[in-house]
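Structure first, then comments.
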Amino acid sequence: MMLLSGDPPRGRVLSALLIVIVLALALTPFLFPGAKAMNVAAKICIFAALVASYDLLLGYTGTVSFAHTMFYGIGSYALAIALYGMGPTWSAVAVGLVVGLPVAAMLALGIGLFSLRVQAIFFAMITLAVASAFLVLASQLSWLTGGEDGRSFRLPELLRPGTVLLSKDTLGFEINGRTLTYYIVFAASGAMILALLRIVNSPFGRVLQAIRENPFRAEALGYRTVFHLTYANCISALVAACAGVLNALWLRYAGPDTSLSFSIMIDILLMVVIGGMGTIYGAILGATIFILAQNYLQALMGAASRAAGEIGLPLLPGLLHPDRWLLWLGLLFIASVYFFPTGIVGRLRAPAK
Amino acid sequence: MSDMLTLRGVHTHIGRYHILHGVDFTVPEGQTTMLLGRNGAGKTTTLRTIMGLSPPSAGEIDFAGASIGGWATPDIAMRGVGYVPETMAVFSDLTVKENLVLAARSGPFDPTRLEWIFGFFPPLKKFWLSRAGSLSGGQKQMLSIARAIVEPRRLLLIDEPTKGLAPAIVMALIECLAEIKRSGATILLVEQNFRVAEAIGDTVAVMDNGAIVHRGAMAALSGDGALQERLLGLSLEAHQ
Amino acid sequence: MTDATAGGEALPKPPLDIVPLLLPVILALAMIPLIGSASTWVTLTVASLAMGMMIFIMASGLTLVFGLMDVLNFGHGAFIAVGAYVATLILLPMAAWVQADSLWQNLAAVTPAVLLAMAVTGALGLVFERVLIRPVYGQHLKQILITMGGLIVAEQGLYALWGPQIIPLPLPAALRGSFIFGDIAIAKYRLLAMLVGLTVFVVTMLVLNRTRLGLLIRAGVENREMVEALGYRIRRLFLGVFMAGSALAGLGGVMWSLYREQVHASIGNELMILVFIVVIIGGLGSVTGCFIGAVLVAMVANYGGFLLPKLALISDILLMVAILMWRPRGLYAVTNR
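Protein chains in written order, with this note's numbering: chain V, 47 to 399; chain Z, 100 to 339; chain A, 9 to 345.
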């Protein structure tokens, strides 16, 4: 209860699902040691944290930002550029963190002060514009970012796959630098999610919800809404940047497509809405379902598409093509906004006592 | 004399708030009915409910032989209701003329009627082609009323026309309302100013806490100081 | 008419706010010494105006819809892309006419393509409004999310129908090339784009200021409830404006694709960001502001691209920040929302 900040999942099915997910993620290196499974698991961890940080904004304050990938990208690029420029040392990792995180926070502060005083719709448009400009910058300033190709880099010795920490003979499976990296990702993501859970259940989190429900009333009660929203925006940006660092750490690469592109922003939106806005737990569920679907549903769709093609049905092969999976998720997204605005978690969760 | 408008047990919710708790009253045809009551009693909400802007959650509203509870606002308006909201709601970006063009639903203006209106609202003629936003408060009120009467309507809903206006203008406005009344119009008038109510009201309904607490002839209320004190004490003090 | 009965006297009008109108002119003149060459300046200015007009065509519907109904359609970009793709349905099969050396044959191919594109995007607007937006009136958060979802689905639908590859869309033969005046060359297509954009602007302004429909739209921007209380079905009015705005986005999409001589679903996203910036700069709901904003954005992009290519990457954002510092609600603040 302490760990969950007095805000447990509530609901047997939901608790069971979350336990299964967390256990599966914790044991992935032993249960599914393949490279693909590890990649999927790491991505779930990273996105769960990223989506949770977005939920702090969307679900708890009701503000739509399209700049979340920008902060994610800043984290990724900070680590990548530092390790690329300074070589695979721990001090480079530290430099990446010390530079990247404050940059993200300052930028969030700037955007917040500039545009949060006006209404939500304005903020959404401005963040969209700023994020797209940032994406263009990142892909054009090749001397710094490597342009469209991005930056590949080498990790410090300890975290490389070749570093065997415990050989297969001792426990029956090998623990190497890659395994260690995975656990860093897992632990850091977990810590961020728990920290966010703490934040939304703190008095600050309650003020945010009061602002979401009725900004005028909150203002009348003496809460400075701009200050609170900007503060939430900064926290959210910081966590997103941390998730970005983990992303780069896992991929050993940072580029526009993996950390900045607009399609990642759309993925985040889909995950948070399908999982459940304003719950934090929704982020874990949303990220898990979405990324599993992304990696395994597509194969299924490919098979269905081929089958439809062989029977000679019109249009269906195109609609079921594996690349069109976003079409179906988009429809699911619209349906969830209408019919389950609180997402899967909202459905499974018992009301608070 | 038949009743133009009848409300029976009307309840209205706005968001989570229950504003009207069973409102019952009638507006007889050809008369001016005053809707009085303290601030927050639900008078404006009653007018908005009749107009369909805050639809009723229960109860019946009969207007000119039709049950209009739950109708869309434009349909209610087309049935013959003219509405002068508390905020006047003149279209400030449009000229005086354009405001009235929009209000004249059935086509070009009737020149005699327009002259009749200009007769008691001369500034509208004077500033015919000026932006409504540049008019003074009293002139905006005139425009708002003119919009409601530019064509004959079965019923006029007028919400606190004298609010915030200088006493001289209030007196002129009473004259105009009396003139409109003489033309045979049926009016439901919300008013805080008791003297205005006395001057033009035929019947009266008094509201408190979202329900009608008194109905009767205006003259009877006018002559009964104790009743006034009991029903309207606070609002009277505020205005005298 | 009753005009004759009215006295001639009028209240002083509020001073006309012309500073924003002068901005593009000042900017263009200020660039002459910086650019140096007259012919380059003319080329850049014409390019700016042409690009600005195309963006204006796409943005005008969005800003009106917002002003009238407080709905910001994040799916607006989908209409731009759909318009472009639909036009290929006619332009590609009729490639022989498009490439024919006769203006009339060119027009006989382009005109139906444009009309079909506008009809389809207008109809799509109807579906969008009915299915997606109507249930979430007044709820900004859901509006943003739902229209975003609409954008995703529409974009994926385009990929499913046409495939992900870029479709080349050559300009009609008669619109290629330039008019030459001395050492100044003005591309024919840019001239046409300017002409179409100006026409859209003038017609929009005429409709808004001279017709009953326009009066209703302006009145509706100011006070929706009162328009309804006068007996007008504002929902129907709104639907009409929404469809017209969608059709204009489709027109803009066709024009832009011909300008770039290629069609791809990503232009929806790409242009939507420009369109948003223009709408913010102009002041949400203002058609005039939108017009000036579009020209300004295009000028900054073209002049900036020539003078400081690196800076041009974020020039729109810098312009937006500068304008919002000066006027936090955009050039012309129309609504109080």
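From the three backbone atoms N, C-alpha and C, an ideal C-beta is built for every residue, glycine too.
DSSP, reduced to helix, strand and coil, places Z:P127 within a strand of the structure shown.
For Z:M306, there is no enclosing alpha helix (DSSP H); the enclosing beta strand (DSSP E) has its first and last residue at 302-307.
Distance between Z:I113 and Z:S153, taken at the CA atoms: about 7 Å. Taken atom to atom, the span from the alpha-carbon of V:V176 to that of V:E194 is near 19 Å.
Along the segment 54-117 of chain A, the alpha helix (DSSP H) occurs as fully enclosed runs of 4 or more residues at 84-99, 103-107, listed in sequence order.
Residues of chain V with a Cβ closer than 7 Å to the Cβ of A:I281 are, in chain order, L174, A175, S178. Judged by beta-carbon spacing, V:V319 lies within the 8 Å limit of A:L153, meaning their Cβ atoms are closer than that value. Of all alpha-carbon atoms in V:G156, V:T109, V:E203, V:L155, the one lying nearest the alpha-carbon of V:F169 is that of V:T109. Chain A places a beta carbon closer than 8 Å to that of Z:Y182, counting this residue as a contact. The Cβ atoms of Z:L288 and A:L238 do not sit closer than 8 Å to each other. For Z:H112, the enclosing beta strand (DSSP E) stretches over residues 102-113.
Here Z:C275 has F219 as same chain residues with Cβ atoms under 6 Å from its own Cβ, once five neighbours each way along the sequence are excluded.
For the C-beta of A:N277, the chain V residues within less than 9 Å are, from N- to C-terminus, S178, F308.
A straight-line Cα-Cα distance of about 15 Å links A:A38 and A:T51. The secondary-structure analysis by DSSP pairs Z:H120 across a beta bridge with Z:H110. Secondary structure remark: continuous beta strand (DSSP E) runs of at least 3 residues inside the segment 215-290 of chain V: none found. If the five residues before and after V:G146 are omitted, its C-beta is found closer than 6 Å to the C-beta atoms of I120, G121, A124, A287, all from its own chain and listed in chain order. Put simply, of A:L259, A:I225, A:N231 the residue whose alpha carbon is nearest the alpha carbon of A:R244 is A:I225. For the segment 124-169 of chain Z, the full-length alpha helix (DSSP H) segments reaching 4 residues or more read 142-150 along the chain. By the C-beta criterion, the segment 97-112 of chain V is judged to be in contact with the segment 145-164 of chain A, since at least 3 inter-stretch pairs fall below 8 Å. Within the segment 240-259 of chain Z, the residues whose Cβ lies closer than 8 Å to some Cβ of chain A are R246, listed in chain order.
If one requires a minimum length of 4 residues, the alpha helix (DSSP H) runs lying completely within the segment 105-169 of chain V are 114-132, 136-161, in chain order. Cα atoms of V:A256 and V:A264: separation of roughly 6 Å, rounded to the nearest angstrom. Nearest CB-CB separation between A:G301 and chain V: not below the 8 Å threshold. The residues E220, in chain order, have a CB closer than 7 Å to that of V:S213 in the same chain once the five nearest residues on each side in sequence are set aside.
When the alpha-carbon of Z:E128 is set against those of Z:A298, Z:W170, Z:R281, the nearest one is in Z:R281. Between A:S56 and A:A320, the gap from beta carbon to beta carbon reaches 8 Å or more. A Cβ of chain V is located within less than 8 Å of the beta carbon of A:Q164. The straight-line gap separating the alpha-carbon atoms of A:P178 and Z:T148 is approximately 59 Å. Put simply, the CB of A:M213 is far from chain Z, with every gap to its CB atoms at 8 Å or more.
A direct Cα-to-Cα measurement between A:L169 and A:E163 gives close to 10 Å. In this structure the segment 344-362 of chain V does not touch the segment 375-388 of chain V; the number of beta carbon pairs closer than 8 Å is below three. Of V:L373, V:Y130, V:S178, the smallest CA-CA separation from V:L201 is found for V:Y130.
V:V97 places its beta carbon 8 Å or farther from that of V:G322. Secondary-structure assignment with DSSP links V:S307 through no beta bridge to anything. Residue pairing by DSSP puts A:Q270 in a beta bridge opposite A:P176.
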